[in-house]
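Colleague: Quick note, the sequences are listed as chains A and B, same order. Counting from 1 along the first sequence, just add 4 to a position and that's the residue number in the working numbering. Counting from 1 along the second sequence, just add 17 to a position and that's the residue number in the working numbering. Every residue gets a Cβ at the ideal spot worked out from N, C-alpha and C, and that includes glycine. Please read all numbers here as calculations on a predicted model, not as lab measurements. Here it is, the structure in full.
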Amino acid sequence: MSSAAGLLLLALMSAAGLYFDGGSGQHLAYIGPGAGFAFLGSFLTLLWAFAVSAATMLTWPVRMAWKAAKRRRSLKKARVKKLIFVGLDGYDPRTAERLMAEGRLPNLSRLAKEGSYRRLRTTFPSLSPVAWSTFATGVSPARHNIFDFLNRNLKSYLPELSSSRVNKPRRVFKIGRYHIPLSKPSVDLRRKSIPFWKILGQHEVDCTILRIPITFPPEKFNGRLLSAMCTPDLRGTQGSFSFFSTRNESVTYETGSRYPLQRSGNVVKGVLEGPDHPLVPDAGKLGVPFTIYLNGARNSATLEIGGEKYPLRVGEYTPWVPVTFKAGVAVKARGICRFLLNQTEPDVNLYVTPINIDPENPALPISHPSYYSAYLAKLLGAFATVGMAEDTWALNEGAIDEEAFLRQAWMIHEEREKMFFNALDRLREGVAACVFDASDRIQHMFYRYLEGRADGPLADTIEKMYQRMDELVGRVFRYVDEETVLFVLSDHGFGSFRRGINLNTWLLDHGYLALKDGAETAGPYFKGVDWSRTKAYTLGLAGLYLNIAGREAEGIVQPGAEAEAVKAELIEKLSGLKDPATGETAIQRVYATNRLYRGPYLEDAPDLIVGYNDGYRTSWAAAQGIVEREVFTDNPKPWSGDHSVDPVLVPGVLFSNRKIAAEDPGIEDLAPTALELFGLPTPGHMEGKSLFQAAAPA
Amino acid sequence: MLASLVLFLISVATGIGLLWVFRRTSDQAAIRATKKRLQARLLELRLYADDPRVVLAAQKALLVENLRYFALMLRPALYATVPVVILLIALDGFYGRRPLAPGETAVLTAVLDGQAAPDEPVSLEAPTGIAVETPAVHALARREVSWRIRAEEPVAGQLRLTSEGETVLMPVVAGEGLHCCLYGRRVRSRLAWLLAPGAAPLDARWVKEIKLDYPAAEVSYFGLRTHWLVWFLVFSMAAAFLLKGRFRVTV
Numbered sequence: 005m006s007s008a009a010g011l012l013l014l015a016l017m018s019a020a021g022l023y024f025d026g027g028s029g030q031h032l033a034y035i036g037p038g039a040g041f042a043f044l045g046s047f048l049t050l051l052w053a054f055a056v057s058a059a060t061m062l063t064w065p066v067r068m069a070w071k072a073a074k075r076r077r078s079l080k081k082a083r084v085k086k087l088i089f090v091g092l093d094g095y096d097p098r099t100a101e102r103l104m105a106e107g108r109l110p111n112l113s114r115l116a117k118e119g120s121y122r123r124l125r126t127t128f129p130s131l132s133p134v135a136w137s138t139f140a141t142g143v144s145p146a147r148h149n150i151f152d153f154l155n156r157n158l159k160s161y162l163p164e165l166s167s168s169r170v171n172k173p174r175r176v177f178k179i180g181r182y183h184i185p186l187s188k189p190s191v192d193l194r195r196k197s198i199p200f201w202k203i204l205g206q207h208e209v210d211c212t213i214l215r216i217p218i219t220f221p222p223e224k225f226n227g228r229l230l231s232a233m234c235t236p237d238l239r240g241t242q243g244s245f246s247f248f249s250t251r252n253e254s255v256t257y258e259t260g261s262r263y264p265l266q267r268s269g270n271v272v273k274g275v276l277e278g279p280d281h282p283l284v285p286d287a288g289k290l291g292v293p294f295t296i297y298l299n300g301a302r303n304s305a306t307l308e309i310g311g312e313k314y315p316l317r318v319g320e321y322t323p324w325v326p327v328t329f330k331a332g333v334a335v336k337a338r339g340i341c342r343f344l345l346n347q348t349e350p351d352v353n354l355y356v357t358p359i360n361i362d363p364e365n366p367a368l369p370i371s372h373p374s375y376y377s378a379y380l381a382k383l384l385g386a387f388a389t390v391g392m393a394e395d396t397w398a399l400n401e402g403a404i405d406e407e408a409f410l411r412q413a414w415m416i417h418e419e420r421e422k423m424f425f426n427a428l429d430r431l432r433e434g435v436a437a438c439v440f441d442a443s444d445r446i447q448h449m450f451y452r453y454l455e456g457r458a459d460g461p462l463a464d465t466i467e468k469m470y471q472r473m474d475e476l477v478g479r480v481f482r483y484v485d486e487e488t489v490l491f492v493l494s495d496h497g498f499g500s501f502r503r504g505i506n507l508n509t510w511l512l513d514h515g516y517l518a519l520k521d522g523a524e525t526a527g528p529y530f531k532g533v534d535w536s537r538t539k540a541y542t543l544g545l546a547g548l549y550l551n552i553a554g555r556e557a558e559g560i561v562q563p564g565a566e567a568e569a570v571k572a573e574l575i576e577k578l579s580g581l582k583d584p585a586t587g588e589t590a591i592q593r594v595y596a597t598n599r600l601y602r603g604p605y606l607e608d609a610p611d612l613i614v615g616y617n618d619g620y621r622t623s624w625a626a627a628q629g630i631v632e633r634e635v636f637t638d639n640p641k642p643w644s645g646d647h648s649v650d651p652v653l654v655p656g657v658l659f660s661n662r663k664i665a666a667e668d669p670g671i672e673d674l675a676p677t678a679l680e681l682f683g684l685p686t687p688g689h690m691e692g693k694s695l696f697q698a699a700a701p702a
Numbered sequence: 018m019l020a021s022l023v024l025f026l027i028s029v030a031t032g033i034g035l036l037w038v039f040r041r042t043s044d045q046a047a048i049r050a051t052k053k054r055l056q057a058r059l060l061e062l063r064l065y066a067d068d069p070r071v072v073l074a075a076q077k078a079l080l081v082e083n084l085r086y087f088a089l090m091l092r093p094a095l096y097a098t099v100p101v102v103i104l105l106i107a108l109d110g111f112y113g114r115r116p117l118a119p120g121e122t123a124v125l126t127a128v129l130d131g132q133a134a135p136d137e138p139v140s141l142e143a144p145t146g147i148a149v150e151t152p153a154v155h156a157l158a159r160r161e162v163s164w165r166i167r168a169e170e171p172v173a174g175q176l177r178l179t180s181e182g183e184t185v186l187m188p189v190v191a192g193e194g195l196h197c198c199l200y201g202r203r204v205r206s207r208l209a210w211l212l213a214p215g216a217a218p219l220d221a222r223w224v225k226e227i228k229l230d231y232p233a234a235e236v237s238y239f240g241l242r243t244h245w246l247v248w249f250l251v252f253s254m255a256a257a258f259l260l261k262g263r264f265r266v267t268v
């Protein structure tokens with residue numbers, strides 16, 4: 005053996021835990037392969053770290069010079085070093101103003117006093133995917149193509165997710181029952197236009213964008229991004245929980261699934277259902293078996309899943325539990341979920357959160373760069389990745405109680421805070437933006453307490469949430485200096501949801517929608533609707549569509565004059581619609597989208613946007629394309645607050661540490677403002693204006 | 018061939034055994050968490066490559082995490098050291114030395130007891146096939162007496178060392194290939210005997226230890242010849258690496 009090889013071998017062996025007595029060549033100690041791995045791993049880690057660092061340091065002057073040259077060209081008019089956005093989804097100005105007046109939001113009050121506070125105009129409709137897309141792009145929905153959570157397929161009238169589409173692999177190799185994909189599934193982002201962080205990245209402004217809705221799949225840009233709303237769970241849904249019980253009864257959930265548990269003494273077994281088998285189309289879903297060992301009457305148990313054990317206590321969530329669904333050799337999908345033991349006697353009830361894509365090993369891209377989610381998870385711990393992570397439907401359908409929902413929402417909020425402060429700690433120049441969703445979800449589920457329709461120990465939940473968000477803002481102050489601009493904003497406000505309106509039923513009653521075979525009702529997604537006699541229909545939360553000939557597959561309304569006439573009729577009849585049971589105005593106003601927006605995607609917009617009054621909203625059934633007997637129905641669900649009403653009623657909030665000039669700011673103004681603060685002009689396609697520019701006289 | 022197979026099996030078994038020790042004695046959760054943070058800091062170097070401040074902070078964190086990682090490894094390493102050292106000593110008796118080849122020389126040394134006179138005459142008598150090339154050489158300070166012997170033909174016999182009327186035997190082997198239980202030491206102390214457990218203990222008043230300096234052996238796998246400890250390391254690490262997932266061990 006050559007001396008060089010010998011030296012290498014000696015180094016490796018030493019690294020591996022062998023220690024030699026140099027004189028005799030006889031070993032004195034050997035710690036074994038564990039220590040060997042440890043030493044080698046650490047050694048290589050350090051070696052790699054130093055190599056990367058050395059490369060970073062050596063090339064840094066060149067890179068910095070290049071960037072500086074590039075920045076000098078484009079950012080010579082930059083007015084700030086740092087720009088921070090704190091997004092508080094659904095933070096309502098009315099509640100915030102009341103609490104500020106009561107002195108309960110000291111940090112936001114300070115911002116309002118020393119900087120600025122305005123109510124922030126939201127989008128039409130006032131929905132998070134629409135409004136945050138406008139925030140990102142500075143354009144109206146007709147230019148970014150997001151009009152609702154759902155859109156309808158023009159051929160089938162079936163709902164589609166408006167923000168993204170997961171496409172199956174283009175090429176598949178079939179062997180018997182196996183369909184082996186030869187390419188990866190692709191995911192299309194359906195939001196159009198350009199987010200401001202992409203433009204800033206092109207000019208070497210460092211941006212970290214965390215959980216801003218409608219960022220799945222993540223777009224490539226010069227910065228870091230973690231996807232948010234509309235990121236699916238591992239099953240491909242927008243978040244479907246699992247409920248397990250030893251009680252043998254038939255229960256159907258709208259957004260979750262119920263599964264049996266088999267009990268034998270103190271041992272309870274079940275199978276956690278995952279995604280579809282990726283290789284065998286008819287093989288059903290993959291599953292991971294688990295066992296619960298009950299510990300007598302102590303309200304505790306042990307969960308064993310995937311070879312690991314986790315303690316369970318009634319009413320307490322487990323940490324994120326990794327679950328691996330195996331479809332064959334080297335074909336696996338990794339997810340994470342939390343388990344909540346609801347009760348152990350007389351029946352065992354177990355709730356499992358939606359199976360989130362594992363951020364450490366994501367089955368689909370959920371961040372840019374792709375390893376950014378792994379970085380966050382490894383450094384800060386696993387976190388929820390599904391778009392709407394707080395499981396509102398589990399509470400809506402009784403799978404968990406209010407306290408369990410709240411704990412879940414706050415755990416997710418804490419994860420988000422850790423990520424945000426991680427980004428702020430590393431921000432020297434550039435943008436850090438994060439949207440916190442707990443404010444929206446908690447108001448959806450607890451609004452009846454705020455308006456006094458319910459009482460109990462959780463009656464002040466919303467107010468406490470407002471205060472907690474204020475504390476968060478207070479902690480962000482540490483990162484704000486003279487060269488920093490801080491914006492705290494919400495995409496919309498909030499209102500009550502006491503009564504639902506089924507506009508499909510109203511359209512049926514008024515001759516705009518027809519059913520087949522004289523039926524009086526129609527099932528989900530227009531099952532039973534006679535399209536050959538239907539002029540208008542509603543689907544989703546805010547839109548009303550005409551059945552336009554040449555656009556919809558079975559359209560009958562001619563575009564142009566006839567369509568405008570139908571729209572005018574509907575606007576006239578629906579605006580000011582009264583609820584006969586209460587005498588209240590249920591619909592304030594109906595808006596024609598071709599008068600609201602201008603843009604290349606106007607064709608995809610609903611033809612009308614319904615401005616419901618506070619207390620009203622489209623009914624749960626109408627949102628799914630169901631035709632019921634009654635137009636007006638009570639909303640009995642815990643989901644008692646909403647914002648899919650007339651956008652004029654639910655503006656958001658806008659706080660800033662700087663004085664802003666705009667008197668009536670809109671959410672579309674934030675993107676041009678971000679560009680302007682870094683000295684970049686507003687692109688021609690953007691419709692907003694910088695908040696620091698005084699509005700032109702009318 | 019059989020000896021190579023046995024070494025392979027022992028190495029694999031050792032790897033598995035050490036995985037078991039690691040699983041039982043280490044804080045697996047802490048090791049996992051530390052490794053994740055280490056990986057995160059490496060990713061941080063890439064994510065924030067343009068910011069020297071973050072890069073330096075990541076480096077510092079890497080060092081701290083490495084120290085923490087070593088600290089976490091200490092306990093299982095301590096548990097593993099004692100049995101592994103005993104095993105290696107035993108294995109070295111099998112695989113560490115080889116018989117003298119014909120024509121090859123070796124040094125035979127007798128370490129005298131402290132009570133004996135340092136220049137007390139010691140005679141050496143070799144079996145047929147082993148030649149004593151030099152007279153006894155006394156190292157008075159170390160209280161040692163040494164001879165150089167040479168193998169003339171394959172043989173397995175006894176060297177006879179006599180002093181104060183008392184004779185002790187030292188096995189000597191010459192020939193080809195590995196030879197089981199080839200211990201080049203005999204010792205009187207029971208504690209020292211632990212390092213040569215296969216050798217017969219010495220039971221004489223005038224001598225504490227006898228050493229025969231056999232040449233180091235090499236073991237061959239896949240046409241490659243090297244010290245047995247290298248193969249032991251390779252096989253035990255490979256086994257531990259391949260099976261750590263099955264044993265749910267993080268190292």
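Would you list, in chain order, the members of the region 53-77 of chain B that have their beta-carbon closer than 9 Å to a beta-carbon of chain A?
Modeller: Within the region 53-77 of chain B, K53, R54, L55, Q56, A57, R58, L59, L60, E61, L62, R63, L64, Y65, A66, D67, D68, P69, R70, V71, V72, L73, A74, A75 and Q76 place their CB atoms closer than 9 Å to a CB of chain A, listed in sequence order.
Colleague: Round the Cβ separation of R147 of chain A and S190 of chain A to the nearest angstrom and send it over; I've been treating them as touching at under 8 Å.
Modeller: On the first sequence, residue 147 of chain A is found 143 positions in, with the first residue counted as 1. On the first sequence, residue 190 of chain A is found 186 positions in, with the first residue counted as 1. Going by Cβ atoms, the distance from R147 of chain A to S190 of chain A rounds to 24 Å, so no, they are not a contact pair.
Colleague: If we require 3 or more residues per run, which beta strand (DSSP E) segments fall completely within the region 481-559 of chain A?
Modeller: 488-493, 499-505, 540-542 and 547-550
Colleague: Residues of chain A with a CB under 7 Å from the CB of R265 of chain B: which are they?
Modeller: Position 248 of the second sequence, counted from the first residue, corresponds to residue 265 of chain B. Correct list: G311.
Colleague: Between the Cα of P217 of chain A and those of A:R83, A:R302, A:L454 and A:S371, spot the shortest distance and give me the residue it belongs to.
Modeller: Residue mapping note: residue 217 of chain A aligns to position 213 of the first sequence, counting from 1. Ranking A:R83, A:R302, A:L454 and A:S371 by Cα distance to P217 of chain A puts A:S371 first.
Colleague: Give me the residue from A:R67, A:S130, A:S120 and A:L112 with the minimum Cα distance to G497 of chain A.
Modeller: Mapped onto the first sequence, residue 497 of chain A falls at position 493. Measuring from the Cα of G497 of chain A, the nearest candidate turns out to be A:S130.
Colleague: Does the beta-carbon distance from V292 of chain A to G269 of chain A come in below 9 Å?
Modeller: Counting from 1 along the first sequence, the entry for residue 292 of chain A is found at position 288. Counting from 1 along the first sequence, the entry for residue 269 of chain A is found at position 265. Against a cut-off of 9 Å, the Cβ pair of G269 of chain A and V292 of chain A comes out as no contact.
Colleague: Determine the contact status of R239 of chain A and C211 of chain A, defining contact as a CB-CB distance below 9 Å.
Modeller: In the first sequence, counting from the first residue as 1, residue 239 of chain A sits at position 235. In the first sequence, counting from the first residue as 1, residue 211 of chain A sits at position 207. For R239 of chain A and C211 of chain A, no; Cβs fall outside 9 Å.
Colleague: If contacts are defined as beta-carbon pairs under 8 Å, then T396 of chain A and M449 of chain A qualify, I think. What distance do you get, rounded to the angstrom?
Modeller: As a working mapping, residue 396 of chain A is identified with position 392 in the first sequence. As a working mapping, residue 449 of chain A is identified with position 445 in the first sequence. Contact flag correct, Cβ pair sits at about 6 Å.
Colleague: Going along the region 404-433 of chain A in order, which residues come within less than 7 Å of chain B, judged by CB to CB distance?
Modeller: R430 and R432
Colleague: Taking only runs that begin and end inside the region 403-476 of chain A, name each unbroken beta strand (DSSP E) of 3 or more residues, in chain order.
Modeller: 434-440
Colleague: For the beta strand (DSSP E) that D192 of chain A lies in, which residues bound it at each end?
Modeller: Translated into the one-based positions of the first sequence, residue 192 of chain A becomes position 188. Its beta strand (DSSP E) spans residues S190 to L193.
Colleague: Which residue's Cα is closest to the Cα of L64 of chain B: A:A463, A:S377 and A:D521?
Modeller: Numbered from 1 along the second sequence, position 47 holds the residue referred to as residue 64 of chain B. Nearest C-alpha to L64 of chain B: A:S377.
Colleague: Flag V654 of chain A as yes if its beta-carbon sits less than 9 Å from any beta-carbon of chain B, otherwise no.
Modeller: Translated into positions along the first sequence, residue 654 of chain A becomes position 650. Closer than 9 Å: no.
Colleague: Which term fits G27 of chain A, buried or exposed, when burial requires 16 or more other beta carbons within 10 angstroms of its beta carbon?
Modeller: Position 23 of the first sequence holds residue 27 of chain A. Low confidence applies to G27 of chain A: its pLDDT is 33, below 50, so where it sits in the model is not reliable, and the reading given next is rough at best. With fewer than 16 Cβ atoms within 10 Å of its Cβ, G27 of chain A is classed as exposed.
Colleague: Apply the 10 Å Cβ neighbour rule to D362 of chain A and answer buried if 16 or more other Cβ atoms are within range, or exposed otherwise.
Modeller: Translated into positions along the first sequence, residue 362 of chain A becomes position 358. Counting Cβ neighbours within 10 Å, D362 of chain A comes out buried, since at least 16 surround it.
Colleague: For Y379 of chain A, would you say it is in contact with chain B, using Cβ-to-Cβ distances shorter than 9 Å as the test?
Modeller: Sequence index remark: in the first sequence, residue 379 of chain A carries index 375 (1-based). For Y379 of chain A, the answer is yes, since a Cβ of chain B falls inside 9 Å of its Cβ.
Colleague: Which of the residues in the region 54-70 of chain A, read from start to end, lie with their CB under 8 Å from any CB of chain B?
Modeller: Residues of the region 54-70 of chain A that bring their beta carbon within less than 8 Å of a beta carbon in chain B comprise F54, V56, S57, T60, M61, W64, R67 and M68, in sequence order.
Colleague: In chain B, what lies closer than 7 Å to L383 of chain A by C-beta?
Modeller: Position 379 of the first sequence, counting from 1, holds the residue named residue 383 of chain A. The contacting residues are R54 and A57.
Colleague: Measure the C-alpha to C-alpha separation of Y238 of chain B and L186 of chain B and round it to an integer number of angstroms.
Modeller: The sequence position of residue 238 of chain B within the second sequence is 221, counting from 1. The sequence position of residue 186 of chain B within the second sequence is 169, counting from 1. Rounded to the nearest angstrom, the two C-alpha atoms are 35 Å apart.
Colleague: For D618 of chain A and L410 of chain A, I'd like the C-alpha separation in whole angstroms.
Modeller: In the first sequence, the residue the question calls residue 618 of chain A occupies position 614. In the first sequence, the residue the question calls residue 410 of chain A occupies position 406. For D618 of chain A and L410 of chain A, the distance between alpha carbons rounds to 25 Å.
Colleague: Whole angstroms are fine: how far does the CA of E61 of chain B sit from the CA of V649 of chain A?
Modeller: As a working mapping, residue 649 of chain A is identified with position 645 in the first sequence. As a working mapping, residue 61 of chain B is identified with position 44 in the second sequence. C-alpha separation (whole angstroms): 44 Å.
Colleague: Which bits of chain B does W52 of chain A rub up against, with CB to CB less than 8 Å?
Modeller: In the first sequence, residue 52 of chain A corresponds to position 48, counting from 1. The answer, in chain order, is L59.
Colleague: Can you list, in chain order, the residues of its chain whose CB lies under 6 Å from that of T179 of chain B, leaving out five sequence neighbours each side?
Modeller: Taking the second sequence and counting its residues from 1, the one referred to as residue 179 of chain B is at position 162. Excluding sequence neighbours, T179 of chain B sits near S140.
Colleague: According to the neighbour-count rule (16 or more other Cβ atoms, all chains shown, within 10 Å of its Cβ), is V124 of chain B buried or exposed?
Modeller: For the purposes of this step, residue 124 of chain B is identified with residue 107 of the second sequence, where counting begins at 1. Answer is exposed; the Cβ neighbour count stays below 16.
Colleague: State yes or no: is the beta carbon of E308 of chain A nearer than 9 Å to at least one beta carbon in chain B?
Modeller: Within the first sequence, the letter at position 304 stands for residue 308 of chain A. So no, E308 of chain A is outside the interface.
Colleague: If I'm right that D237 of chain A touches V390 of chain A with Cβ under 8 Å, what's the distance once you round it to whole angstroms?
Modeller: One-based indexing of the first sequence puts residue 237 of chain A at position 233. One-based indexing of the first sequence puts residue 390 of chain A at position 386. So it is a contact: roughly 5 Å between Cβ atoms.
Colleague: I'd like to know whether the C-beta of R228 of chain A is nearer than 9 Å to at least one C-beta of chain B.
Modeller: Locating residue 228 of chain A in the first sequence gives position 224, where the first residue counts as 1. Closer than 9 Å: yes.
Colleague: Go through its chain and collect everything with a Cβ distance to E421 of chain A's Cβ below 7 Å, but skip five positions before and after it.
Modeller: For the purposes of this step, residue 421 of chain A is identified with residue 417 of the first sequence, where counting begins at 1. Closer than 7 Å at Cβ, skipping near neighbours: L476.
Colleague: Does the region 502-511 of chain A come within contact of the region 133-150 of chain A, defined as at least 3 CB pairs closer than 8 Å?
Modeller: no
Colleague: Bridge partners of L155 of chain B, per DSSP?
Modeller: As a position in the second sequence, residue 155 of chain B is number 138, starting the count at 1. The question names Leu, but residue 155 of chain B is His in the sequence shown. Beta-bridge pairing links H155 of chain B to B:V162.
Colleague: Please state if the CB of A675 of chain A and the CB of F200 of chain A are separated by a distance shorter than 9 Å.
Modeller: Residue mapping note: residue 200 of chain A aligns to position 196 of the first sequence, counting from 1. Residue mapping note: residue 675 of chain A aligns to position 671 of the first sequence, counting from 1. Cβ distance < 9 Å, so F200 of chain A and A675 of chain A count as in contact.
Colleague: For a test of the three-state rule: what should DSSP assign to Y297 of chain A, helix, strand or coil?
Modeller: If you number the first sequence from 1, residue 297 of chain A lands on position 293. Y297 of chain A sits in a strand when the DSSP states are folded into three classes.
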